[in-house]
Amino acid sequence: MSMFKWEVVHGGKTPPPGEAVGPLQRLSWPRTVGLGAQHVVAMFGATFVFPIVMGLDPNLAILFSGICTILFLLIVNNRVPSYLGTSAAFVAAVAAIRAQGGDSADVTGAIMVAGLVLALIGVVVHVAGAGWLKRILPPAVTGAVVMLIGFNLAPVVAGIYWPQDQWIALLTATVMVAAAVLLPGFWSRIAVFLALVFGYTISWLADNVIGPITSVTPVSGGEAVEHDRVDWSAVGGADWFGLPGGVLADGVSAVHAPSFSLTFILLVLPGVIALVAENTGHVRAVAEMTGDDLDPYMGRALFGDGFATALASAFGGSPTTTYAENIGVMSATRIYSTAAYYVAALVAITLGLSPKFGAIVNAIPGGVLGGITVVLYGMIGLIGAKIWVENGVDFGNPVNLVGLSAGLIAGIGGVTMQITDDFELGGIALGTILVLAYFHMVKGRREELGAGEVTKVL
5 MSMFKWEVVH GGKTPPPGEA VGPLQRLSWP RTVGLGAQHV VAMFGATFVF
55 PIVMGLDPNL AILFSGICTI LFLLIVNNRV PSYLGTSAAF VAAVAAIRAQ
105 GGDSADVTGA IMVAGLVLAL IGVVVHVAGA GWLKRILPPA VTGAVVMLIG
155 FNLAPVVAGI YWPQDQWIAL LTATVMVAAA VLLPGFWSRI AVFLALVFGY
205 TISWLADNVI GPITSVTPVS GGEAVEHDRV DWSAVGGADW FGLPGGVLAD
255 GVSAVHAPSF SLTFILLVLP GVIALVAENT GHVRAVAEMT GDDLDPYMGR
305 ALFGDGFATA LASAFGGSPT TTYAENIGVM SATRIYSTAA YYVAALVAIT
355 LGLSPKFGAI VNAIPGGVLG GITVVLYGMI GLIGAKIWVE NGVDFGNPVN
405 LVGLSAGLIA GIGGVTMQIT DDFELGGIAL GTILVLAYFH MVKGRREELG
455 AGEVTKVL
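Each residue of the sequence shown is one higher than the one before, counting from 5 in this note's numbering.
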């Protein structure tokens, strides 16, 4: 079967209840386009929120999310329906890089290396299987690393976004939580997007009813200044169509070549563990839904995401990952057709080539970002706990209880170690090293003490 030829099933019409549409099948093109639009909305919010909080260009991120989705589908031979949106795995590391004086080129250079490492892991998994990966990164370790990545971001919300407009942030967070849990089906899958629209709207209303707000902004030099919540001064002059361009907040061109620093590379490498967990979990979830054996495509999926991340970073774009939001769409519709993902990718590429769209995205008020990120970052951390629960990690075993504890506190609390005058390890990088080192140091030991007795000793 041709790569771009899908079997038309159910006469091209919406399948009856309980019936599914496989990855190599499709409905009529109008219905496929409609489904592709749903996938675009599902990935939309997070895909341009994360570039903004990392200080990168959201237009470029949307553009490359479309390009990289197509590349990913080609690499997995259309067997693993997935959309590649912006990854949150590196947000905390990017904050650490910028705190140490790094700019956007340093950020994308470090992430590019992480992408190449993930691609290499994918090659090894494809050739040798995933057994070695499970031994090095069992669920106990993977959950701990994902947890410390998420919770390490708490100061970013508290120190940067929330103070810009605390009441808008609180209202936006409330709407996002309510939408994600209380709304039915597809609507709950686009909670980030709905919260963005709500926050944007309520910020505009506040400007017109209450007036400007006085608060600290990322460009105010630490001083509280009076400003409108919604600033569209750059929207009017932006072109409807054109290549992404302009200059980022740190003075680096939006489209730029990466630069490389060992210190910064070490900061982002723990994010690879999160991407491994995301991608393997995604492939297994898709396999469970479709009933297909996708283990032979696990290595391809890891390679595809790693290659996509490296490619996007080479031009100043954001890192990518397979999106759980789109799994939610497939779960609700039981339509797994990769044709819909190609449609979604083409729509994303079109949006990425609209500077006016990018200007609107860049004008998202800081309070809105505060409300969204306070929920998203907490969810990232709790995904680590979810990994523990789903895999039955036993914290009655001191190997898990004690072996992971030091790394978690070091990573979440931002503990640092000065190695030389010019090199230090801290935060997520140090926490990940301690999690791996201490866990494997005691792994396999038959402990005589139970969790309660260990607690008494401590």
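Every residue, glycine too, gets a C-beta built ideally from N, C-alpha and C.
query, result
"Tell me which residues share the same chain as residue 120 and place their Cβ nearer than 7 Å to its Cβ, disregarding the 5 neighbours each side in the sequence.", "310, 314"
"Residue 350 and residue 126 - do their beta-carbons sit closer together than 8 Å?", "no"
"Where do the ends of the alpha helix (DSSP H) carrying residue 227 lie?", "Segment: none, residue 227 is in no alpha helix (DSSP H) and carries neither H nor E."
"Pick out whichever of 318, 321, 277 has its Cα sitting closest to the Cα of residue 306.", "277"
"Which residues mark the beginning and the end of the beta strand (DSSP E) in which residue 436 is found?", "Residue 436 -> not in any beta strand (DSSP E); alpha helix (DSSP H) instead, spanning 431-446."
"Taking residue 93 and residue 378 to be in contact with their CB atoms under 8 Å, please state how far apart those CB atoms are, rounded to whole angstroms.", "Rounded, the Cβ-Cβ distance is 18 Å, inconsistent with contact."
"Count the other CB atoms, across all protein chains shown, that sit within 10 Å of the CB of residue 116; report buried if there are 16 or more and exposed otherwise.", "buried"
"Around the Cβ of residue 452, are there at least 16 other Cβ atoms within 10 angstroms (buried) or fewer (exposed)?", "In this predicted model, residue 452 has a pLDDT of only 47, less than 50, meaning its place in the structure is not dependable enough to derive any value."
"Whose C-alpha, out of 45, 346, 108, is nearest the C-alpha of residue 251?", "108"
"Determine the extent of the alpha helix (DSSP H) in which residue 326 is found, giving its start and end residues.", "Premise fails: residue 326 lies in the beta strand (DSSP E), 324-326, not in any alpha helix (DSSP H)."
"Just to confirm the assignment: which complete alpha helix (DSSP H) runs, minimum length 4, are found wholly within the stretch 99-185?", "108-132, 135-140, 143-155"
"How far does the beta strand (DSSP E) with residue 89 in it extend, from its first residue to its last?", "88-90"
"Taking all protein chains shown into account, do 16 or more other C-beta atoms lie within 10 angstroms of the C-beta of residue 264, making it buried, or fewer, making it exposed?", "exposed"
"Residues in its own chain within less than 8 Å of residue 445 by CB, not counting five upstream and five downstream?", "407"
"How many whole angstroms separate the CB atoms of residue 436 and residue 149, which I take to be in contact at a CB cut-off of 8 Å?", "5 Å"
"My output table needs one value for residue 338: the three-state DSSP class, helix, strand or coil.", "coil"
"Could you tell me whether the stretch 412-421 touches the stretch 151-161, where touching means 3 or more Cβ pairs closer than 8 Å?", "yes"
"What alpha helix (DSSP H) runs, 4 residues minimum, are completely inside the stretch 249-326?", "266-272, 274-294, 302-318"
"Where residue 4 and residue 392 are concerned, what is the direct C-alpha to C-alpha distance, given to the nearest angstrom?", "Limits of the chain in this structure are 5 at one end and 462 at the other, which puts residue 4 out of reach."
"Mapping the DSSP letters down to three states, classify residue 35 as helix, strand or coil.", "helix"
"Using CA coordinates, which residue listed in 47, 272, 338 is at the minimum distance from residue 295?", "338"
"Judging by CA-CA distance, which residue of 33, 54, 181 is the nearest neighbour of residue 11?", "33"
"Using a threshold of 8 Å, state whether the C-beta atoms of residue 262 and residue 90 are closer than that.", "no"
"State the DSSP-derived secondary structure class of residue 11, mapped to helix, strand or coil.", "strand"
"What span of residues does the alpha helix (DSSP H) with residue 65 cover, start to end?", "62-79"
"Could you tell me the boundaries of the alpha helix (DSSP H) in which residue 198 lies?", "195-213"
"Note the first and the last residue of the continuous alpha helix (DSSP H) segment covering residue 360.", "359-366"
"Taking the alpha helix (DSSP H) that residue 247 belongs to, which residues open and close that run?", "That residue, residue 247, is in no alpha helix (DSSP H); it is neither H nor E in DSSP."
"Count the other C-beta atoms from every protein chain shown that fall within 10 angstroms of the C-beta of residue 36, then say buried if there are 16 or more, exposed otherwise.", "buried"
"So who's on the other strand from residue 25, going by DSSP bridges?", "339"
"Can you find at least 3 beta carbon pairs, one from the stretch 74-89 and one from the stretch 231-247, that sit closer than 8 Å?", "no"
"How many Å lie between residue 25 and residue 394 at the Cα?", "28 Å"
"Helix, strand or coil for residue 3 per DSSP?", "Because residue 3 is not part of the residues shown, which for the chain are 5 to 462, the question remains open."
"Following the continuous alpha helix (DSSP H) through residue 238, name the residue where it begins and the one where it ends.", "Where residue 238 is concerned, there is no enclosing alpha helix (DSSP H), given that its DSSP letter is neither H nor E."
"Could you work out which residue in 323, 300, 291, 290 is closest to residue 275 when comparing CA atoms only?", "323"
"Rounded to whole angstroms, what is the Cα-Cα separation between residue 96 and residue 65?", "18 Å"
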